[in-house]
Each structure stands twice: as structure tokens, then as C-alpha cells.
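The opening residue of the sequence shown carries number 68 in the numbering used here; numbering runs sequentially from there.
Virtual Cβ for every residue (Gly too), placed ideally from N, Cα, C.
The structure displayed is predicted, hence computed values, not measured ones.
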Amino acid sequence: MPRSRDRVVLFVLFFRDHGRSLHELSGLARRVCDPADALYGRYMTRARLARLVAPRPEVVERCRRWFTRKGMQFGTLPHPQVAWAATTLEGVRRVFGPECEAWLRDDQVQPPRHAWPLPDEIGGHLKSISATSIQSGDLARTVKGMASDGPPPRIGRAIPPRAAAAGMTPADIRSIYNFSPEWTGKGETIGLLNIGGQVNVDDAMAFWRRHGIEREPPTMVNLASIPPGGLLERLEPTMGVEWIGAMAPGARIFLYNIDYRAAADPWVAFVAAALSPSFHGQHPTILVSTWSLPERMYAARHGRGVFADLLEQAAVTGVTFIAASGDWGLYDGRPSTQVDDLKVADAPWPHGVFPSVEDYVLSVGGTMIPTRDPLTEVAWSGPLPPNDDLRRAMPFLRLASSGGFSEDVDMPWWQQDTLRPRGIPRHFTAMDWRLSDTRRISMARRSTGPAVPAWPRRSGRRLSRA
């Protein structure tokens with residue numbers, strides 16, 4: 068736990084569903100996603116969802132009184148189930164005791180033994196309480212970002228088109244997978260999670276111009292401002308925006324910028340904001356995450372109940388969640404267990420990655436197209452990225468499209484006749500794709516992240532929400 072006096076602890080509180088609403092949502096989520104059900108495709112509005120899951124006003128007021136009595140700040144957020152509280156590090160120790168410092172460690176891989184000691188008067192109404200330590204000067208900006216967006220960042224200058232690089236173009240992908248000309252994404256609103264560096268908007272515009280695509284720049288939703296970052300930090304989010312914009316030229320794009328250091332759970336913050344009835348006035352129909360964590364690590368830090376609940380809420384409102392399956396092959400992350408001076412995986416079976424393992428997530432893996440004539444497609448693998456620290460730490464020389472089985476998520480209803488337990492990914496897409504001219508360097512990017520943008524173009528409301 069940090070010791071600096073200029074830091075505060077920001078708590079994010081998630082109120083529990085009423086018993087009736089929880090049961091109703093779980094059943095409805097399945098029915099609206101099942102093509103054989105009479106309710107298939109009959110989604111509820113965000114306003115109705117908010118009324119269904121909102122805690123009673125007296126419950127929120129009870130929590131407000133308790134936290135303020137303890138000397139903490141307290142506030143609510145656009146999603147009716149989410150609130151926040153903040154205090155100093157000393158305040159955390161005073162109110163919750165030293166045992167709770169374990170929840171603020173950055174290297175958590177197992178759940179701490181001690182839960183937050185909340186009194187029954189409010190503890191029974193909270194499904195989860197998560198916390199992160201941030202600079203005290205960032206508190207107001209972070210809370211404001213959780214409730215309202217700021218101006219879109221602008222980085223660099225426009226980059227003129229250059230000669231083609233190796234890899235696939237948007238036109239190549241459309242041709243290989245026989246995309247219908249009508250699949251433009253028109254009428255869809257795509258929300259993309261960004262926990263990397265700031266997107267180079269000018270570079271994205273240059274990429275679209277090169278490929279003959281006329282569209283507006285993405286709209287920024289700054290939940291917690293992120294640092295600009297270097298070239299590699301900006302690479303993945305910029306690439307995601309470029310390819311989503313190219314493959315779904317008729318769709319609106321909203322980029323949800325979240326500083327993972329200031330958000331206890333970026334994925335919960337992302338989905339909660341996207342489902343809020345009035346948050347930023349935007350209503351995404353498709354949510355995309357190219358970012359992932361080992362399933363075990365996410366569960367240790369946050370549990371999985373809150374995110375699973377939000378995915379059901381997304382399903383009943385007709386929102387598709389698409390996630391990259393990862394690029395660690397049959398591992399869920401970097402092998403780190405030390406055995407005889409070698410770093411190895413800590414289990415011999417294929418692991419799952421979050422959020423791909425979750426119900427109501429469309430997980431996308433990657434393939435390669437070695438030749439166009441004859442057309443061939445194989446599972447993707449590739450060399451390590453140009454990162455010296457990563458290369459020194461890795462016990463192998465190549466990465467590969469991830470796949471595995473969940474250790475926590477039960478077999479979903481739509482997979483019962485196929486395999487068990489929950490297996491990922493569900494779909495594969497070519498991912499040896501061309502990137503634009505960042506810093507005038509023609510680059511080709513290979514990982515499962517670029518495979519994801521093809522699916523928003525194809526999904527709309529036609530894919531199952533599973």
C-alpha cells in the first residue's frame with residue numbers, strides 16, 4: 068500500500084440488485100438472446116433498466132450518512148447502482164483497520180483474507196466495494212470524468228499517405244470474408260475501451276483517407292484522463308480505432324478513455340458508463356475490449372459478480388460485448404513461476420483470459436492468411452513485440468492466439484451441447500493487418516487485438532449476445 072501523504076483512496080461502490088430484479092434480468096438476458104425464444108430481440112430501454120436495478124433512495128442515503136460520518140466524501144454516478152467515496156490513506160486505516168491495506172496492493176494474485184468490514188446497515192446493500200490509490204490532486208478530475216466527459220484530446224498533426232505496407236487492407240478483409248456491401252455498421256454506435264495511451268486522432272484520419280473512407284473522428288468519453296504515452300502505448304488504441312472505423316464506416320465510434328491507475332476496475336467503469344441512460348447522451352449498441360487480464364488475476368482483484376451482472380444488463384438492452392481472446396497461446400499471461408531458474412506456467416492446462424471467459428461476451432481469436440491463391444487460413448502465431456524488457460522476461464520466442472477454458476465460469480447455456488467448461492474463443496478472424504503511418508514508419512501489427520474490429524461490422528443486432 069502506498070505511504071505517501073499526498074494520496075487518497077477512491078472507493079467505487081456497487082449496490083446490490085433487488086432479489087426480484089436480479090432474477091428477472093438473468094432470465095430475460097437469456098431469453099432475448101435465444102433465437103428460439105418468443106422474446107428474442109425484444110430489448111428493454113436503458114431508462115427501464117435503470118428503474119429496475121436502482122437501489123431504493125433510503126439505501127443510498129443510508130450509505131451516504133455512514134461514509135460522511137466517517138469523514139469521507141461520497142457521491143453518486145450516472146449508473147444507478149454505482150457510487151463513490153474517498154478518504155486519505157490514514158482514513159482507510161482508521162475506519163477499516165490495517166488488514167484492509169492488502170486490497171490496495173498492485174501485485175494481487177490471490178484474494179486477501181479480510182473483506183472490507185462494513186456494518187450490516189450498509190454492507191447488506193453493497194454487492195462490491197473496490198478501491199484504488201490515486202494522487203490527491205487527481206481526485207476531482209477523476210470523479211468529474213466518471214460523471215461527465217471532457218474535450219477530445221488532439222495529438223500530433225496529420226500524416227500524409229505513404230506507400231502500402233505488408234499485411235491486409237480493409238478491402239482485403241472484406242473480400243476474403245465475403246462481407247456484404249450493406250454491412251457498413253450504419254445505425255450502430257460502437258464503444259471502444261482504451262486503457263493505453265491517447266489515440267492519435269490525426270493518424271486515424273490519415274489511415275481512413277488512405278483507404279478511401281470518409282468519416283468523422285471518434286468522440287472521446289474521458290472517464291479518467293489517460294497520459295499521452297509513447298509510440299507503443301498509443302499503438303493498440305489507435306490501431307483499434309482505425310480498423311473499427313474502416314470496417315464499420317457507417318457506425319459512430321465513442322472511445323472510452325480510462326486511466327487504469329485511477330479506476331479500480333476499468334471494465335466495470337466502461338460498461339456501467341455505456342449502459343447509463345443519460346451518461347454523455349450516448350447509447351452504444353456494441354462494446355469492444357482489446358484489453359485483457361488473466362482470469363485468475365481479475366477474479367482475485369474484483370471477483371466476477373459485478374461484471375457478470377453488467378453483462379446481463381447489456382444483453383437485455385441489446386448491447387453486444389466483443390473481446391479479444393489474447394495472444395498468449397494456451398497460457399493466460401506471461402509464464403512467471405520460477406522452477407530451476409526457469410520461468411514456466413503454473414499449470415499444464417489451457418487457461419482462460421478475462422473478459423473473454425464471461426457469459427454474454429463474443430470472444431474473437433486470430434488467424435493468418437498465408438496465401439490468397441489458393442486461399443489458406445491457419446491459427447495465428449508471431450514473434451514477440453519489440454520490447455527489450457519483455458524479451459528478456461519471456462521463456463519463449465513467439466506468441467500465439469489464445470484459447471482455453473475458464474476455471475470459474477460455468478458452462479453457459481448456449482455451449483451445453485458443445486463442450487465444457489466455458490471455452491474461448493468463439494470466433495476467429497485474420498489478424499495480420501496493416502497499420503497506418505505512425506511517425507511516418509509503415510508498420511504491420513499482429514495480435515488478436517486487430518481481429519476484433521471486423522466483428523462490429525458483422526454483428527450489429529444479428530449475432531447472439533453470448
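Taking just the CA atoms, how far does residue j sit from residue i?
{"i": "residue 311", "j": "residue 422", "result": "19 Å"}
{"i": "residue 132", "j": "residue 149", "result": "16 Å"}
{"i": "residue 444", "j": "residue 105", "result": "38 Å"}
{"i": "residue 471", "j": "residue 377", "result": "23 Å"}
{"i": "residue 240", "j": "residue 145", "result": "38 Å"}
{"i": "residue 163", "j": "residue 113", "result": "36 Å"}
{"i": "residue 431", "j": "residue 390", "result": "6 Å"}
{"i": "residue 165", "j": "residue 76", "result": "14 Å"}
{"i": "residue 539", "j": "residue 258", "result": "This structure cannot speak to residue 539, because the chain is shown only from 68 to 533."}
{"i": "residue 468", "j": "residue 167", "result": "37 Å"}
{"i": "residue 375", "j": "residue 426", "result": "7 Å"}
{"i": "residue 387", "j": "residue 95", "result": "15 Å"}
{"i": "residue 169", "j": "residue 371", "result": "19 Å"}
{"i": "residue 101", "j": "residue 385", "result": "12 Å"}
{"i": "residue 268", "j": "residue 189", "result": "44 Å"}
{"i": "residue 235", "j": "residue 278", "result": "12 Å"}
{"i": "residue 81", "j": "residue 330", "result": "14 Å"}
{"i": "residue 428", "j": "residue 155", "result": "37 Å"}
{"i": "residue 282", "j": "residue 300", "result": "25 Å"}
{"i": "residue 126", "j": "residue 335", "result": "21 Å"}
{"i": "residue 206", "j": "residue 466", "result": "38 Å"}
{"i": "residue 510", "j": "residue 306", "result": "For residue 510, the pLDDT reaches just 32, beneath the cut-off of 50, and the residue's location in the model is therefore unreliable, although a value from the coordinates is still provided. Cα-Cα distance, rounded: 11 Å."}
{"i": "residue 192", "j": "residue 254", "result": "38 Å"}
{"i": "residue 359", "j": "residue 123", "result": "34 Å"}
{"i": "residue 455", "j": "residue 108", "result": "49 Å"}
From the DSSP output, read off the bridge partner residues of residue i.
{"i": "residue 361", "result": "420"}
{"i": "residue 429", "result": "389"}
{"i": "residue 395", "result": "467"}
{"i": "residue 439", "result": "442"}
{"i": "residue 319", "result": "256"}
{"i": "residue 324", "result": "261 and 289"}
Please name the residue in the options whose C-alpha comes closest to that of residue i.
{"i": "residue 333", "options": "153, 141, 138 and 197", "result": "197"}
{"i": "residue 315", "options": "187, 280, 169 and 474", "result": "280"}
{"i": "residue 115", "options": "451, 359, 476 and 342", "result": "342"}
{"i": "residue 419", "options": "206, 362 and 302", "result": "362"}
{"i": "residue 448", "options": "301, 395, 352 and 309", "result": "395"}
{"i": "residue 318", "options": "264, 202, 251 and 330", "result": "251"}
{"i": "residue 440", "options": "338, 243 and 111", "result": "243"}
{"i": "residue 199", "options": "303, 450, 328 and 264", "result": "328"}
{"i": "residue 136", "options": "161, 120 and 117", "result": "161"}
{"i": "residue 117", "options": "309, 340, 358 and 195", "result": "340"}
{"i": "residue 99", "options": "194, 366 and 380", "result": "380"}
{"i": "residue 152", "options": "108, 465 and 201", "result": "201"}
{"i": "residue 433", "options": "392, 141, 366 and 320", "result": "392"}
{"i": "residue 83", "options": "119, 108, 293 and 246", "result": "119"}
{"i": "residue 275", "options": "309, 338, 298 and 245", "result": "309"}
{"i": "residue 195", "options": "383, 366, 459 and 298", "result": "366"}
{"i": "residue 142", "options": "185, 103 and 209", "result": "209"}
{"i": "residue 293", "options": "306, 313 and 266", "result": "266"}
{"i": "residue 285", "options": "383, 270, 192 and 291", "result": "270"}
{"i": "residue 138", "options": "122, 147, 158 and 313", "result": "158"}
{"i": "residue 320", "options": "264, 354 and 476", "result": "354"}
{"i": "residue 349", "options": "322, 291, 478 and 97", "result": "322"}
{"i": "residue 364", "options": "453, 291 and 475", "result": "475"}
{"i": "residue 326", "options": "345, 298 and 291", "result": "291"}
Output the boundary residues of the beta strand (DSSP E) element that contains residue i.
{"i": "residue 257", "result": "256-261"}
{"i": "residue 149", "result": "149-155"}
{"i": "residue 353", "result": "353-356"}
{"i": "residue 390", "result": "387-391"}
{"i": "residue 79", "result": "74-82"}
{"i": "residue 290", "result": "286-291"}
{"i": "residue 202", "result": "193-202"}
{"i": "residue 450", "result": "448-450"}
{"i": "residue 142", "result": "140-143"}
So the alpha helix (DSSP H) residue i belongs to, where does it begin and stop?
{"i": "residue 120", "result": "113-120"}
{"i": "residue 334", "result": "333-342"}
{"i": "residue 135", "result": "124-136"}
{"i": "residue 239", "result": "237-243"}
{"i": "residue 307", "result": "298-314"}
{"i": "residue 373", "result": "372-383"}
{"i": "residue 188", "result": "187-190"}
Going by the C-beta, is residue i closer than 7 Å to any heavy atom of the ligand FMN?
{"i": "residue 122", "result": "The model on display carries no ligand, and the ligand FMN is accordingly not part of it."}
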